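Asks: Pasting a structure below so you can have a look.
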DNA sequence: CACACTGTTTTAGTTCACCCATACAGTGAC
DNA sequence: GTCACTGTATGGGTGAACTAAAACAGTGTG
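Chains as they are written, first to last, in the working numbering: chain A, 4 to 130; chain B, 4 to 130.
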């Protein structure tokens with residue numbers, strides 16, 4: 004589930020790990036109540052220090068995504084499940100609208116954004 | 004022109020200074036060909052080290068906003084259209100990256116965003 | 001030339017985010 | 001209790017970003 008962690012990426016390891024968990028939850032690979040890999044197990048798999056995984060988990064806990072239970076494990080919370088399917092699509096639309104608004108303020112049009120989006124994600128965009 | 008610099012702000016001093024110049028240019032307070040305050044003069048006014056002002060000016064020069072002439076001063080450039088395009092493209096990329104980061108926090112991937120973008124702008128996107 | 005301005009370069013100190021290592025503490029099965 | 005797991009807490013090493021200081025170099029005037 005957490006194969007591709009890139010130590011040379013400019014984004015910190017703990018953020019990459021947290022992002023993986025968020026994606027897994029959003030994609031339904033992890034449901035509310037499910038246990039995440041233990042700190043040590045995941046650290047071993049990713050060849051990373053346990054404290055780094057802890058930092059990722061702590062961030063997720065601060066956001067209300069998961070709950071850390073001393074001696075038991077880290078578990079996905081209910082709240083995370085509302086971000087699914089239509090809800091996700093709607094949230095995506097909202098984010099895109101914010102992007103377009105902010106861009107318009109700078110005189111940047113949709114075409115320019117499309118190019119940037121394509122450059123960043125590799126997606127092919129046509130007008 | 005550069006009164007309000009806040010040393011306690013989390014945004015670096017040199018970025019604050021550079022931002023002031025951009026605003027001044029955008030607002031027309033500084034026209035093409037105008038000289039910026041000298042490194043030392045501005046540093047004295049802002050009670051900041053000259054090297055800090057240099058870094059701000061260097062950033063602006065790298066963006067094509069100004070030109071630093073050894074022994075003469077720093078001058079606002081004619082904003083050639085291709086430079087504006089470059090600046091716009093760079094800002095667009097920055098905005099898209101923020102979008103992707105924010106989306107990732109919610110477990111929303113690039114694909115979902117591409118769909119939303121297409122729905123909102125009518126642009127055709129292919130993977 | 002000297003002089004007073006301009007930007008340039010180099011070096012260094014401070015701070016902070018990131019990551020790691022290690023010891024500490026709770027939980028549950030046996 | 002003991003054991004094997006779980007998360008917790010503390011301190012340290014590393015490197016990058018930021019700011020500063022000082023010495024170096026170009027320009028134009030008299």
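Ideal Cβ positions, reconstructed from N, Cα and C, are used throughout, including at glycine. Computed from a predicted structure; not experimentally measured.
Going along chain B in order, which residues have a C-beta closer than 9 Å to the C-beta of residue 111 of chain A?
Replies: Within chain B, the residues near residue 111 of chain A are 91, 92, 94, 95 and 98.
Asks: Take the Cβ of residue 50 of chain B as the centre, count every other Cβ of all protein chains shown within 10 Å, and call the residue buried at 16 or more, exposed below.
Replies: Looking at its Cβ environment, which holds fewer than 16 other Cβ atoms inside 10 Å, residue 50 of chain B is exposed.
Asks: Taking buried to mean at least 16 other C-beta atoms within 10 Å of its own C-beta, is residue 117 of chain A buried or exposed?
Replies: Its Cβ being crowded by 16 or more others within 10 Å, residue 117 of chain A is buried.
Asks: Checking contacts by CB at 8 Å: is residue 120 of chain A closer than that to chain B?
Replies: So yes, residue 120 of chain A belongs to the interface.
Asks: Take residue 20 of chain B as the anchor and find which of B:33, B:121, B:59 and B:13 has the nearest alpha-carbon.
Replies: Out of B:33, B:121, B:59 and B:13, B:59 has the C-alpha closest to the C-alpha of residue 20 of chain B.
Asks: For residue 102 of chain A, which residues of its own chain have a beta-carbon under 8 Å away from its beta-carbon, when the five flanking residues on both sides are left out?
Replies: So the list reads 116, once near-sequence residues are dropped.
Asks: Relative to the C-alpha of residue 37 of chain A, which candidate in A:111, A:112 and A:27 has its C-alpha closest?
Replies: Comparing Cα-Cα distances from residue 37 of chain A to each of A:111, A:112 and A:27, the minimum goes to A:27.
Asks: Could you check where the alpha helix (DSSP H) with residue 72 of chain A kicks off and where it finishes?
Replies: From DSSP, residue 72 of chain A is part of no alpha helix (DSSP H) but of the beta strand (DSSP E) over 69-72.
Asks: May I have the straight-line CA-CA distance separating residue 79 of chain B from residue 39 of chain B, to the nearest angstrom?
Replies: Roughly 7 Å separates the two Cα atoms.
Asks: Along the region 14-28 of chain A, where does the CB come closer than 7 Å to a CB of chain B? Name the residues.
Replies: The residues in question are 22, 25, 26 and 28.
Asks: In whole angstroms, give me the CA-to-CA distance for residue 42 of chain B and residue 57 of chain B.
Replies: The straight-line gap from Cα to Cα measures roughly 6 Å.
Asks: Mind checking if residue 105 of chain A is an interface residue toward chain B, Cβ cutoff 8 Å exclusive?
Replies: Yes, its Cβ sits closer than 8 Å to a Cβ of chain B.
Asks: Taking the Cβ atom as the reference point for each residue, do residue 92 of chain A and residue 99 of chain B lie within a distance shorter than 8 Å?
Replies: Not closer than 8 Å, so no.
Asks: Kindly indicate the opening and closing residues of the beta strand (DSSP E) around residue 77 of chain A.
Replies: Note, residue 77 of chain A: beta strand (DSSP E), 76-79.
Asks: For residue 104 of chain A and residue 75 of chain A, I'd like the C-alpha separation in whole angstroms.
Replies: Distance between the alpha carbons of residue 104 of chain A and residue 75 of chain A: 45 Å.
Asks: Under 8 Å, Cβ to Cβ, is there at least one residue of chain A near residue 123 of chain B?
Replies: Taking Cβ atoms only, chain A reaches closer than 8 Å to residue 123 of chain B, which makes this a yes.
Asks: Report the partner residues of residue 1 of chain A according to the DSSP bridge assignment.
Replies: Any property of residue 1 of chain A remains undetermined from this structure, which presents chain A solely from 4 to 130.
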